[in-house]
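Residue numbers (the working numbering), protein chains in the order written: chain P, 1 to 701; chain E, 1001 to 1334; chain G, 2001 to 2194. In this text, a Cβ means the ideal position worked out from N, Cα and C, and glycines have one as well.
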Amino acid sequence: MTFIDRPVAIGLDLPRRDGAAKVRGTAVYAYETPVENPAYAHPVQATVARGRVTALDTAAAEVLDGVLAVLTPATAERLASTEDRELAALQDDGVAFRGQVVALVVADSSETARHAAALVRVTYAQEPHDSELRADRDDLYAPERVNPDFPTDTVEGDVAAATAVAAVVVEQTYTTATYHNNPLEPHATTAHWEPADGRLTLWDSTQGVHPARTAVASVFGLDEAKVRVVCPYVGGGFGSKGTPHVNVVLAAMAARAVPGRPVRLALTRQQMFSLAGYRTPTVQRCLLAAERDGRLTALAVDVVEQTSRIKEFAEQTGVPARMMYAVANRRTTHRLAALDVPVPSWMRAPGECPGMFGPEVAMDELAERLGLDPVELRIRNEPVTDPQTGKPFSSRNLVGCLREGAARFGWSGRDPRPGVRRDGDWLVGTGVAASTYPVHRMSKSTAVIRREGDRYVAEIGAADLGTGTWTTLAQIAADALGVPVERVEVRIGDTDHPMATVAGGSSGMSTWGSAVVEAARAFRTRYGAEPPERAEASGSVPPADDRWAMHAFGAQFAEARVHLDTGEIRVPRLLGVFAVGRIVNPRTARSQLVGGMTMGLSMALHEHSVLDPRTGHVVNHDLADYHIAANADVAEVEAHWLDEHDPHVNAMGTKGIGEIGIVGTAAAVSNAVWHACGARVRDLPVTLDKVLPALEDPPGR
Amino acid sequence: MKPFEYRSPADAAAAVRSVAGNPAAVFLGGGTNLVDHLKLGVAAPDLVVHVADLLPAGIEELDGGTLRIGAGVRNSDLAADRRVRERFPVLSQALLSGASGQLRNMATTGGNPLQRTRCVYFQDVTTPCNKRQPGSGCSAVGGWTRHHAVLGASEHCLAVHPSDMAVAMAALDARVRVLGPDGERTIPFTGLHRLPAGTPERDTVLEHGDLITAIDLPPLPLARRSAYRKVRDRASYAFALVSVAAAVEVRDGVITDARVAFGGVAHVPWRAHRAERVLRGAPATEETYRAAADAELADARPADGPDGGNAFKIPLLRRTLAATLRGLVREDAR
Amino acid sequence: MSEITVHVDGTPRRLTVDTRTTLLDALRERLGVTSPKKGCDHGQCGACTVLSGGRRVLSCLTLAVTQDGARVVTAEGLAAHDRPDGERPAGGQRSDDDGLHPVQRAFVDCDAFQCGYCTPGQVVSAVGMLDEFARGWPSAVTEGTRPPRLDRAEVAERMSGNLCRCAAYVNIVPAVQRAAAESGTAAPGAGVAE
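What follows is the structure in structure tokens.
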């Protein structure tokens, strides 16, 4: 690995290369791909949460003018692999969750497809279902590993013994809600199956064209070379487009059912609530034991969460507590309930996002009990080496973030008492929480650098989900090649380009950028400063340096206001300071960090998928009832970063910034709400009904 | 979405004839609710009759000072009208607190009060709902009730009326002009909507084919000091958890007259007559506001549910009413 | 089926539509005009915002048959540059040299988007909103009957019908203010021709 010591293009505040196309709306997303004579597919969903389909009457749908095909378990093609049961569409008559696809209509127009889907009559042998997560269930089990490959449980020292003699103990249960990723662009595919040579092309909204291709090729038993996946733009994913969901399989099936004709399939917003993944609700029993001076002596995080009956996903909620603070006696556990519910999956910062809610509110409660400033409490528990592995940190600047954030926010001199500050009709408070996210670099990804005329072209099957890849990869390539960034053209989002890993785990820039740097180095080594036209070299991600514990850190500060009369909660100010390695492009980086923090604010105040246990489905399955923050909910959100130099993480010195912004925000907001009004809200979201009982009636003036 | 015939008749009378003559016909106004329902399968008409462009789209001042608002006036135009803003600020505020700029540009004065509940079970054709399918049962009973009624509900329906505009209209003694197959008639706005009782499928007293052509606002001097306070889960672009429309007249620290209506808590925009009776002649104090709320909420019944139910709406409404009245009295004192 | 003519970004487009077809689907699936986006299809996100008759509306809740003869403007046709008829929609604002409308230019300059999917709707909504502001229309946060300033709260409230999951709100607000200042619409009643 060659560390880029003197960046020129890296660090430039460049506007997005795809900006003009996006503001005019001419950037082409998956569903919009221009194709000849497309057909349209619409799924039929199960209306029971568990059972069997005993009859599917498709007659009324099939006689409709314009209906081309109705696929059912009886008529759909047999898939080569049904190992991934989420993707095993229409292979049997079983229903494992409400909303599961039981048939698919293909028609000449989207209106006809949708109408025909409504005409399919489904009869079920319904079985009693169980869709309710409770921590006191007697059927909780320990998964073998938690996502992606962490130990399920860890124990260090003796938590009980340390707790028994501790000066102060905080032990509380915290819960996070079910969350749906809800990218604004629905999960969508345009599929075309060439009957002559059996080649399948998918214009799919995905966070990784190559991983999507691998999954689809496996499901259909195809040679990967016969499948092409194209995705130049992704209308948001936040993890939900990181692994293929059933919609892409259905689109490909539909295209094969109408030979020669491309098919478009976009999930409706309502369908996304059962078919496109979500974050499990979590119940976190958190214990913190400390000395009088605030030094932690024991920590335990016992997590209960859910997965689906047909496919396990175990969110690593307890994982961040393993490395966050110096504490000798630690226990983390994960237990799952396998329920008759849709399949949970990745959502922005799986593990860290929910897992830094409970412990970071508990830290605030501990600070309250100790009469210690919550910033200082965290600083006192700063470890020298990674508590989990014993390795040195490649860089760890949590303390720097806390101090810089406190200074910028105006934290010093803060009165710790809750419920004593008023501004007109509002109670005002402030809160803090820490953020962290591991530095991931995937082990595979290859880039090609080629000279084309006066330009250098970098090709890699990477993705830009709004993260800025089109722009930032050019900056990395420019510095790796030693040329002005204007001379670099980037081509991404196509399996015709060299293989790239998923845009997930905040690994994109670190992984693809490393491949680009290696390709550029190989290119210069082979061709020198005057490469011939069409000169080309490729490079792949070098092995990671595993001597180090590598993590990004941050500190988030929030101001919350609680209305004296109504309990309405507003967050006029959020400020985050992050230590995330080198910043490739401050403009797009700031947008990502601020975007993560704002999504964290949205999680804190609004988001909550309500599953009705009687039916097993999320009843608020649209954007009117599943609230995400609107413009008026967001006021000042500032993201800053420390100038962090970490030569160990990768050639660019980057740590990944897509996810850390959402980590800790909800805790900072909840802590600020407590400081404002005295209501300690341990169950997200923090809504007015949860603070009303703490407010004076009538409000004193 | 089922196919349907579409007509755009020349005048209101023709539109009424078209709809009255076909039990499966509906009027299309701004489309913000009907088109939504067509896609969801909540509405499945055979015939859609477009009326948004043929209804009066002006606001005229009649002799005697009544403002006649054409049913085709868009919500955004009504909210921006200077006469409305000065004489009936509660109405302008209510309109502006509803939906979004785009939706207010579409929604009409006639259509807004006829929008249907946003109950999640009503909108989901895979769940039982007495309002959508009489006799099928009410899924909200024992379900997610955060946005459901605490006043006037029945075991058959817990739905609330979603309109903000309608709450202000109810407080302002507005009158609704209706053109039906048998001619024109006028009904008080507070008599337009009905409680669910055993027939929640009927939101209003209108008969099939009845078309709202205008809403009249009679002069109401105390409405110059009026306000709409909406409390919701998001700062904007969200339906009310509770809302209060209020107008008061205060002389020497005594409330001499008042109009109060509640939103987000009942199947109808809830005119709070009991609260008004307590307020009239009483001193403008916290005790009075509380007594007014207590009088109106004496029969309030919360609904429970997996998400904690909606009992919070009762103290929330009490506090919101007090805050709204306090604010108006404070304004009056200036 | 109905035959209608819709003027889309300055070009009359004649088409036969199913009475069920929304303006959004007519644009995207019949005419290949994919600038307006489908985010929710139920009037809950704003991604489908277009101007019709000069006003911002939601094309997903508008039946195409009601738009016979209507003049519809999408983000793709906002800049006069892009229009065959040379008309300047939305208040006669000129487009600058790179063919972008001032609101679009400000969105790029302020990085007021990430994934870009809600962006055309945001841009059109901002154009429509600035016109409303210039007419003196109040918002839910406007105090009293005096014309407000186009401050953060006013912009945020007026733009709240456009959800952004990437959460570019803190950049959208200054982008709209910048465009307003440049085109002279920051104060009500200023410089907007019909």
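Contacts around Asp1299 of chain E, its chain only, beta-carbon distance under 6 angstroms, and the 5 residues preceding and following it disregarded: The same chain holds no residue with a CB closer than 6 angstroms to that of Asp1299 of chain E once the five nearest residues on each side in sequence are set aside.
Against chain E: residues of the segment 2137-2150 of chain G by CB proximity under 7 angstroms: Hits within the stretch, in order: Trp2137, Pro2138, Ser2139, Ala2140 and Thr2145.
Alpha helix (DSSP H) segment containing Phe523 of chain P, residue limits: Looking at the DSSP string, the run of the alpha helix (DSSP H) that includes Phe523 of chain P is Gly508 to Tyr527.
Below-9 angstroms beta-carbon distance, Ala118 of chain P vs any chain E residue: Closer than 9 angstroms: yes.
Minimum Cβ-Cβ distance from Ser2002 of chain G to chain E less than 9 angstroms: So yes, Ser2002 of chain G belongs to the interface.
Chain P contact for Glu1005 of chain E (CB, 9 angstroms cutoff): No, Glu1005 of chain E does not count as interfacial toward chain P.
Contacts that Val610 of chain P makes with chain E (C-beta to C-beta distance below 7 angstroms): Result: Trp1144 and Asp1307.
Secondary structure of Ile657 of chain P, DSSP reduced to three states: Residue state, collapsed to three classes: coil.
CA-to-CA distance, Gly390 of chain P to Phe357 of chain P, given in whole angstroms: Taking the Cα positions, Phe357 of chain P is about 25 angstroms away from Gly390 of chain P.
Close Cβ partners of Gly1180 of chain E (< 7 angstroms) along its chain, the five nearest in sequence each way excluded: Only Val1016, Glu1207, Gly1209 and Asp1210 meet the Cβ criterion.
Backbone secondary structure at Ala299 of chain P - three-state DSSP: It is worth fixing the name first, because residue 299 of chain P is Leu in this sequence and not Ala. In this structure, Leu299 of chain P counts as strand in the three-state DSSP scheme.
Residue burial classification, Asn37 of chain P (beta-carbon count within 10 angstroms, cutoff 16): With fewer than 16 Cβ atoms within 10 Å of its Cβ, Asn37 of chain P is classed as exposed.
Asp1077 of chain E in three-state terms, based on DSSP: Helix at Asp1077 of chain E.
Buried or exposed (CB count within 10 angstroms, at least 16 for buried), Leu1062 of chain E: Around the Cβ of Leu1062 of chain E, a 10 Å sphere holds fewer than 16 other Cβ atoms; the residue is exposed.
Reduced DSSP secondary structure (H/G/I, E/B, other) of His192 of chain P: Strand.
C-beta atoms of Leu1241 of chain E and Leu1316 of chain E nearer than 9 angstroms: Annotated as proximal: Leu1241 of chain E and Leu1316 of chain E, with beta-carbon spacing under 9 angstroms.
First through last residue of the alpha helix (DSSP H) which encompasses Ile476 of chain P: Segment Thr469 to Leu481, the alpha helix (DSSP H) holding Ile476 of chain P.
Extent of the continuous alpha helix (DSSP H) to which Tyr702 of chain P belongs: Since the first and last residues shown for chain P are 1 and 701, residue 702 of chain P lies out of range.
Val169 of chain P - partner residues in DSSP beta bridges: Paired residue(s): P:Ala289.
Where the alpha helix (DSSP H) containing Asn329 of chain P begins and where it ends: For Asn329 of chain P, no alpha helix (DSSP H) segment is defined; the enclosing uninterrupted segment is the beta strand (DSSP E) at Asn329 to Leu339.
9 angstroms Cβ cutoff, Ala624 of chain P in contact with chain E: Yes - at least one Cβ of chain E is within 9 angstroms of the one on Ala624 of chain P.
Residue span of the beta strand (DSSP E) that contains Pro2012 of chain G, given as start and end: Element bounds for Pro2012 of chain G: Thr2011 to Val2017.
Any C-beta of chain P under 9 angstroms from that of Arg1118 of chain E: For Arg1118 of chain E, the answer is yes, since a Cβ of chain P falls inside 9 angstroms of its Cβ.
Candidates E:Leu1325, E:Gly1253, E:Arg1132 and E:Glu1060: closest to Ala1245 of chain E by CA position: Of the candidates E:Leu1325, E:Gly1253, E:Arg1132 and E:Glu1060, the one whose C-alpha sits nearest the C-alpha of Ala1245 of chain E is E:Leu1325.
Proximity of Tyr40 of chain P and Asn181 of chain P at Cβ, strictly below 9 angstroms: The Cβ atoms of Tyr40 of chain P and Asn181 of chain P lie no closer than 9 angstroms to each other.
Cα-Cα separation between Gln284 of chain P and Glu365 of chain P, rounded to whole angstroms: Their Cα atoms are separated by approximately 15 angstroms.
Rounded separation between Val2192 of chain G and Asp2131 of chain G - CA only: Confidence at Val2192 of chain G is low in this model, with a pLDDT of 35, below 50, so its placement is unreliable and no value can be given for it.
Own chain partners of Thr472 of chain P with C-beta closer than 7 angstroms, once the 5 adjacent residues on each side are dropped: Taken in chain order, the residues that qualify are Met509, Val584, Asn585 and Thr588.
Trp641 of chain P and Leu574 of chain P closer than 9 angstroms at C-beta: By the CB criterion at 9 angstroms, Trp641 of chain P and Leu574 of chain P fall outside the cutoff.
Interface flag, Met1001 of chain E vs chain P, CB-CB below 9 angstroms: Chain P contact via Cβ: present.
DSSP three-state assignment for Ile310 of chain P, whether helix, strand or coil: For Ile310 of chain P, the three-state secondary structure derived from DSSP is coil.
Val63 of chain P, buried or exposed, once every other Cβ within 10 Å from all chains shown has been counted against 16: Classification for Val63 of chain P: exposed.
Cα-Cα separation, Leu87 of chain P to Ala2153 of chain G: Using only the alpha carbons, I get a separation of about 45 angstroms.
Alpha carbon of Ala290 of chain P to alpha carbon of Leu90 of chain P, nearest angstrom: Straight through space, the alpha carbons of Leu90 of chain P and Ala290 of chain P are spaced by roughly 55 angstroms.
Cβ pair count under 8 angstroms reaching 3, the segment 459-470 of chain P against the segment 494-506 of chain P: Under the three-pair Cβ rule at 8 angstroms, the segment 459-470 of chain P counts as touching the segment 494-506 of chain P.
Among E:Tyr1237, E:Ala1261, E:Ser1236 and E:Arg1280, nearest to Ala1254 of chain E - alpha-carbon criterion: Contrary to the premise, residue 1254 of chain E reads as Val rather than Ala in this sequence. Comparing Cα positions, the closest option is E:Arg1280.
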